[in-house]
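Residue numbers (full-length UniProt numbering), protein chains in the order written: chain A, 1 to 198; chain B, 1 to 198. From the three backbone atoms N, C-alpha and C, an ideal C-beta is built for every residue, glycine too. A short worksheet on the structure shown next.
Next comes the structure, spelled out in structure tokens:
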């Protein structure tokens with residue numbers, strides 16, 4: 001792909017995401033996106049063969065931004081419990097900023113979950129691998145008494161679901177529940193982290 | 001309400017639930033329910049002023065069955081950790097049996113969450129109160145090192161969400177994740193339960 005082509009692809013993703021935020025995924029058409037970029041729909045279709053493919057690119061970009069943020073924290077030279085705490089709070093912060101104030105984005109994510117499950121699944125597997133590296137490191141260093149890093153990582157991810165799943169972010173906001181910090185403390189205890197003086 | 005009236009109300013809820021399972025909430029009409037009971041729609045409306053009210057009654061009945069099951073376990077004279085384990089696995093078992101094999105029921109629950117949030121919220125608050133009584137008991141007896149029963153209960157409920165929320169039961173079934181037993185072990189560790197020899 002040439003630089004120009006890469007830029008065009010990038011522009012299409014930008015404009016599509018803006019439309020999805022403003023008028024929602026269902027109402028956005030490929031013609032809207034093309035018009036806004038002063039190009040023909042046929043030209044958009046040279047890059048993406050369907051609106052679904054554009055949605056996947058939008059979703060993949062935002063997922064890989066999150067993955068890069070947490071991978072950078074995971075690679076720091078600090079105790080595993082500190083890195084895990086920072087990874088989980090960064091994840092919550094990014095998801096809340098993205099979804100809590102924009103209900104139209106739920107529609108986009110719901111569609112990705114319906115139509116492009118493999119994309120969502122791929123993200124969850126990559127996210128899990130990063131989380132697992134930190135959990136395994138904490139177990140190896142004796143910071144966590146949990147035994148199996150795979151199971152422990154699954155449990156950590158599941159316990160954070162309320163703060164990560166776009167639909168739950170909205171539904172649970174209206175219910176009594178733990179703060180992000182309380183949930184992270186609970187998770188660290190679940191891993192058998194040596195309790196810091198608190 | 002007379003016995004006959006109570007029976008009629010009960011019959012309407014039974015038939016409505018059957019329709020919701022078989023053809024889905026949206027497609028079911030009050031006329032269908034009336035016809036199946038050989039009564040007029042006007043008679044159904046004497047008991048429930050809308051399909052929404054019927055859905056609420058169906059949801060409330062199934063929620064109160066779950067609440068009764070867990071309240072009975074909570075009242076047993078056994079260690080808090082055992083009761084908590086049994087409450088959480090009974091909850092998962094009941095929800096899985098109810099929702100995992102019947103996708104049409106998701107629609108009913110999704111509607112209840114949209115239209116009758118107070119009913120759902122009331123159930124969650126009653127369920128929380130039962131859970132909290134066991135958690136508080138475990139803290140008081142020194143079985144759990146967690147400090148605040150309210151926060152701890154919120155964390156326990158959140159950590160179980162994947163096994164309780166009808167939509168998540170379906171979505172997460174296709175992802176790697178913990179078993180119910182693994183998640184309960186993690187939760188007990190999160191509460192600071194004294195680990196049994198395992």
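Go ahead and pull the three-state DSSP assignment for residue 47 (chain B). Residue 47 (chain B) carries a helical assignment under DSSP once its states are collapsed to helix, strand and coil.
I'd like the list of long-range same chain contacts for residue 86 (chain A), defined as Cβ closer than 6 angstroms, with 5 residues on each side in sequence excluded. 73, listed in sequence order.
Distance between residue 116 (chain B) and residue 7 (chain A) (C-alpha atoms, nearest Å): Distance between the alpha carbons of residue 7 (chain A) and residue 116 (chain B): 47 angstroms.
Could you tell me if residue 51 (chain A) is buried or exposed, where buried requires 16 or more neighbouring beta carbons within 10 angstroms of its beta carbon? Residue 51 (chain A) comes out buried.
State yes or no: is the beta carbon of residue 182 (chain B) nearer than 8 angstroms to at least one beta carbon in chain A? At least one CB of chain A lies nearer than 8 angstroms to the CB of residue 182 (chain B).
Taking three-plus beta-carbon pairs below 8 angstroms as touching, is the segment 159 to 173 of chain B in contact with the segment 67 to 82 of chain B? Short answer: they don't touch.
Consider the Cβ of residue 6 (chain B): report whether some Cβ of chain A lies at a distance smaller than 8 angstroms. Cβ-Cβ to chain A under 8 angstroms: no for residue 6 (chain B).
Endpoints, alpha helix (DSSP H) assigned at residue 107 (chain A): Unbroken alpha helix (DSSP H) run through residue 107 (chain A): 104 to 115.
C-alpha distance - residue 57 (chain B) paired with residue 76 (chain B), whole-angstrom precision: Whole-angstrom Cα-Cα distance: 29 angstroms.
Within 10 angstroms of the Cβ of residue 128 (chain A), are there 16 or more other Cβ atoms? Answer buried if so, exposed if not. That one is buried.
Inspect the CB distances between the segment 9 to 16 of chain B and the segment 171 to 190 of chain A and report whether three or more fall short of 8 angstroms. Segments in contact, no.
Quick one: does residue 159 (chain A) have its CB under 8 angstroms from some CB of chain B? It does: the Cβ of residue 159 (chain A) has a partner Cβ on chain B nearer than 8 angstroms.
Residue ranges of each alpha helix (DSSP H) run of no fewer than 4 residues wholly in the UniProt domain "HTH tetR-type" (6 to 66) of chain A, ordered along the chain? With a minimum length of 4 residues, the continuous alpha helix (DSSP H) runs that stay inside the UniProt domain "HTH tetR-type" (6 to 66) of chain A are 30 to 36, 41 to 47.
From residue 188 (chain B) to residue 4 (chain B), what does the alpha carbon distance come to, in whole angstroms? In a straight line, the C-alpha of residue 188 (chain B) is about 47 angstroms away from that of residue 4 (chain B).
State the CB to CB distance for the pair residue 158 (chain A) and residue 159 (chain B), rounded to an integer number of angstroms; the pair is presumed to be in contact (CB under 8 angstroms). Right, their Cβ atoms sit about 7 angstroms apart.
For residue 202 (chain B) and residue 119 (chain A), I'd like the C-alpha separation in whole angstroms. In the structure displayed, chain B extends from 1 to 198; residue 202 (chain B) sits before or after that span and is not available.
Can you look up residue 146 (chain B) in the DSSP assignment and give me helix, strand or coil? Residue 146 (chain B) falls in the coil class under three-state DSSP.
So, for residue 95 (chain A): in the same chain, excluding its five sequence neighbours on each side, which residues have a beta-carbon less than 6 angstroms away from its beta-carbon? Correct list, in chain order: 164.
Residue 193 (chain A) - DSSP class collapsed to helix/strand/coil: If DSSP states are grouped into helix, strand and coil, residue 193 (chain A) belongs with the strands.
Between residue 91 (chain B) and chain A, is there a C-beta pair that is closer than 8 angstroms? Residue contact with chain A for residue 91 (chain B): absent (no Cβ-Cβ distance below 8 angstroms to any residue of chain A).
Helix, strand or coil for residue 159 (chain B) per DSSP? DSSP places residue 159 (chain B) in helix when its eight states are reduced to three.
Cα-Cα separation, residue 112 (chain A) to residue 185 (chain A): Between the alpha carbons of residue 112 (chain A) and residue 185 (chain A) lies a gap of roughly 32 angstroms.
Contact with chain A by residue 189 (chain B), beta-carbon distance below 8 angstroms: It does: the Cβ of residue 189 (chain B) has a partner Cβ on chain A nearer than 8 angstroms.
Name the chain B residues whose beta carbon is nearer than 9 angstroms to that of residue 174 (chain A)? The contacting residues are 117, 121.
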